[in-house]
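A.B. asks: Residue numbers (my numbering), protein chains in the order written: chain A, 6 to 264; chain B, 310 to 636.
We put the CB at the ideal spot given by N, CA and C, even for glycine.
One structure, as structure tokens, below. Some questions next.
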Amino acid sequence: MTLNINAVSKVFGGVVALSDVSFSVEPGAILGLIGPNGAGKTTLFNIVAGVFKPTAGSITMDGRHLENEPNYLRIDRSIARTFQNIRLFPNLTVLQNIVTGMHSKLRCAMIEAIFRTSRWRKEERDSRIRAMELLETFGLAGRKDDLARSLPYGEQRILEITRALVTDSNVLLLDEPAAGLNNVESARLVDFIRMIRDKMGRTVLLVEHDMNVIMKVCERLVVLDHGVKIAEGEPKDIQKNKQVIEAYLGRKFADEVGC
Amino acid sequence: MDGEVKRSVRFAVVSWPLFVAALVVAPVFISNDYMLHVLVLIGLYAILAESLNIVVGFTGQFSLGHAGFWAVGAYVSAILMIRLGLSFWTASVMSMLAGYFTGVLLGLPAMRLKGDYLCIVTLGFGEIVRIFATNLEVTRGPMGIPGIPTPQIGGFSFDSELSMYYLCWACAVVTMYIAARMRHSRFGRALMSVRDDELAAVSLGVNMTYYKVQAFGIGGMFAALAGSLYASWTTFISPDVFQFSDSANIFCMMILGGLGTIAGPVLGAFLLAGLPEVLRQFAEFRLIVLGLLMIILMIYRPGGILGSYDTAGSTRQVRRRKIAREV
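Right, dumping it as structure tokens:
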């Protein structure tokens, strides 16, 4: 499942947020999208996630065009996401949050729940078992009956990622997953992201500010600045890239470093 | 099965039969028709508050026009029975369908709105229905429709307060039960996810538009059922029965009892439809007392009487668990 971003541009009124950005996310990759503030990372992320439609260009998944599809169909195209400012269902329990994540996979109509048909019982039981498996994996099983809003911040983050995973989407979009996490929590996050790829075989695209996390977990980086892709490559090459250093620290500094 | 479900199942196994048994036995102790009359009214309000709860409590869509659906149900049922001579049963099913489609129709423009704007649109809806009823010929305008037949089954006619008591409360219990089951279904979870976070719900594949519209439809459907029962119970309806104050009253019942809970709206119906009758000797002070009660409740229990149960319950659990860990 290759996700392609082809010559995507996005204009908000007179502001060009993205111009002509292209790259592809290969299956099994952990790709990081970085750039200084206002570079257009979040805009691009939202276009991939279906919140915005691109002004020009296209998003394709295995050749299928996604840019004009409604937002809620992204799950059916195997793309799941998390949010920068965690968006859980605060008044539902941890377990209910996960089971709600299975929305696109469950089939029973409401009428079956009213009459408690055997198909409904089986579906509920299976989804509960599946949810508990994932919660075990991520160390949240003991919290299953707590309301999502009562969890500490770090666990809310993990819960949100778990909820995206339970959709069984191949591509996982993580919007600043390390934002607001302390060092211990972000180290745990790095392990989880690796595990998601290595053990579960998912593809990960993440936007992130925390360079520690980026350098530890990403195998490939795409760098944006002022809506333009200025570099793409492995983290160690990106670290030495003159244009990237310029974008982050200014030309003077880039010259001093002597790239 | 996990703890939460076990606990709620255990609670349900005890509480439902108890509640139903109490309803069945109650008339044995209540012999006068006046008390039964009040109980029928409470039952109808219970259906209305419970159906509004599906829209507001489950889906988070504020609606101040619920009396509009009530009116639609009452008028459709009354007109079908009188003009076409349909039986109450057919007419009430048809009126539920009408309520559903009216709900969908209201849901379509309302789904793009939130908060105050949605309140105003739904408020307008309630008024529109009332004004239609006042001005249409088929509804006989302000004169209203008299002589609406009572429900009949075989040779039995539901013309006594006692029989209507059982019929209305049977419908109320069914409505409660459906609302309760809904929460354990894919459908109900989708509604609640839309309530809690629209963007997150959409990102998980929940078609928000569909669920918002459906919530209005289902809410309208059960409110129409209450309307249909009401029409046959009082045998007379007119536009001034379905005022904005009724919409507000139904809303208050739901908030007071506990938004998003199953028993809450019914408890609210008991309090807000029952208390005025109990306080009848203080007629002048009745509204002041009710208003004060509302204010005090909203300050100390903003989630409603039963509404805080969920949150309070779970924090209490957490606290208990913490204590257990420390010990």
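Rounding to the nearest angstrom, what Cα-Cα distance links B:His375 and B:Val430 in this structure?
C.D. replies: Spanning the two alpha carbons is a distance of roughly 12 Å.
A.B. asks: Taking 6 Å as the cut-off, is the CB of B:Ile559 close to at least one heavy atom of the ligand NAD?
C.D. replies: Of the ligands one can find in the structure shown there are none, so the ligand NAD has no counterpart to examine.
A.B. asks: Taking 7 Å as the CB-CB cut-off, is B:Ile487 touching chain A?
C.D. replies: B:Ile487 counts as touching chain A.
A.B. asks: In the DSSP assignment, find the beta strand (DSSP E) that holds A:Ile35 and state where it starts and stops.
C.D. replies: Start and end: Ile35 to Ile39.
A.B. asks: Am I right that B:Phe525 and B:Gly412 are in contact with their C-beta atoms under 8 Å? What's the rounded C-beta distance?
C.D. replies: Confirmed, about 4 Å.
A.B. asks: Give a yes or no on whether 7 Å exceeds the smallest Cβ distance from A:Tyr158 to chain B.
C.D. replies: No, A:Tyr158 does not count as interfacial toward chain B.
A.B. asks: Which residue wins for smallest C-alpha separation from B:Gln370, given the options B:Phe378, B:Gly424 and B:Leu353?
C.D. replies: It is B:Gly424 whose Cα lies nearest to the Cα of B:Gln370.
A.B. asks: Can you list, in chain order, the residues of its chain whose CB lies under 6 Å from that of A:Val212, leaving out five sequence neighbours each side?
C.D. replies: Cβ within range, chain order: Leu38, Lys46, Phe50, Asp180 and Glu181.
A.B. asks: Restricting to Cα atoms, I'd like to know which of B:Ala383, B:Arg610 and B:Thr484 is closest to B:Ala358.
C.D. replies: Per the Cα distances, B:Thr484.
A.B. asks: Anything in chain B within Cβ reach of A:Val104, meaning under 8 Å, just list it in chain order.
C.D. replies: Arg498, listed in chain order.
A.B. asks: Is B:Met562 helix, strand or coil when you go by DSSP?
C.D. replies: In this structure, B:Met562 counts as helix in the three-state DSSP scheme.
A.B. asks: Helix, strand or coil for A:Lys15? Go by DSSP, reduced to three states.
C.D. replies: In the structure shown, A:Lys15 sits in a strand (DSSP, three-state: E or B).
A.B. asks: Over what stretch of residues does the beta strand (DSSP E) that includes B:Leu580 continue unbroken?
C.D. replies: Looking at the DSSP string, B:Leu580 is not in any beta strand (DSSP E), and its letter there is neither H nor E.
A.B. asks: Around the Cβ of B:Arg439, are there at least 16 other Cβ atoms within 10 angstroms (buried) or fewer (exposed)?
C.D. replies: Buried, since its Cβ has 16 or more Cβ neighbours within 10 Å.
A.B. asks: How big is the Cα-Cα spacing for B:Val627 and B:Pro585?
C.D. replies: Low confidence applies here, because B:Val627 scores a pLDDT of 45, under 50, leaving its location unreliable and the question unanswered by this model.
A.B. asks: Hey, how far is the Cα of A:Met216 from the Cα of A:Ala252?
C.D. replies: Whole-angstrom Cα-Cα distance: 15 Å.
A.B. asks: Counting only the same chain and skipping the five closest in sequence on each side, list residues whose C-beta sits under 8 Å from that of A:Leu226.
C.D. replies: Result list for A:Leu226: Leu36, Gly37, Leu38, Ile39, Ile219, Ala236, Glu237, Gly238, Glu239, Pro240 and Ile243, in chain order.
A.B. asks: Is any beta-carbon of chain B found at less than 7 Å from that of A:Ser174?
C.D. replies: Not an interface residue.
A.B. asks: Looking at the unbroken alpha helix (DSSP H) that takes in A:Lys245, where does it start and where does it end?
C.D. replies: That run of the alpha helix (DSSP H) goes Pro240 to Lys245.
A.B. asks: Would you check if the distance between the CB atom of B:Ser360 and the CB atom of B:Gly435 is smaller than 7 Å?
C.D. replies: The answer is no: Cβ separation not under 7 Å.
A.B. asks: With a threshold of 16 other CB atoms inside 10 Å of the CB of A:Thr98, please say whether the residue is buried or exposed.
C.D. replies: The residue is buried, with at least 16 neighbouring Cβ atoms inside 10 Å.
A.B. asks: Who are the near neighbours of B:Asn444 in its chain, counting only those whose CB is closer than 7 Å to its CB and skipping five residues on each side?
C.D. replies: Taken in chain order, the residues that qualify are Gly450.
A.B. asks: Does the distance from the C-beta atom of B:Phe551 to that of B:Trp379 stay below 7 Å?
C.D. replies: Against a cut-off of 7 Å, the Cβ pair of B:Trp379 and B:Phe551 comes out as a contact.
A.B. asks: How about B:Arg610: is its C-beta nearer than 7 Å to some C-beta of chain A?
C.D. replies: It does not; no Cβ of chain A falls within 7 Å.
A.B. asks: For B:Val515, does the three-state DSSP call read helix, strand or coil?
C.D. replies: Coil, per DSSP.
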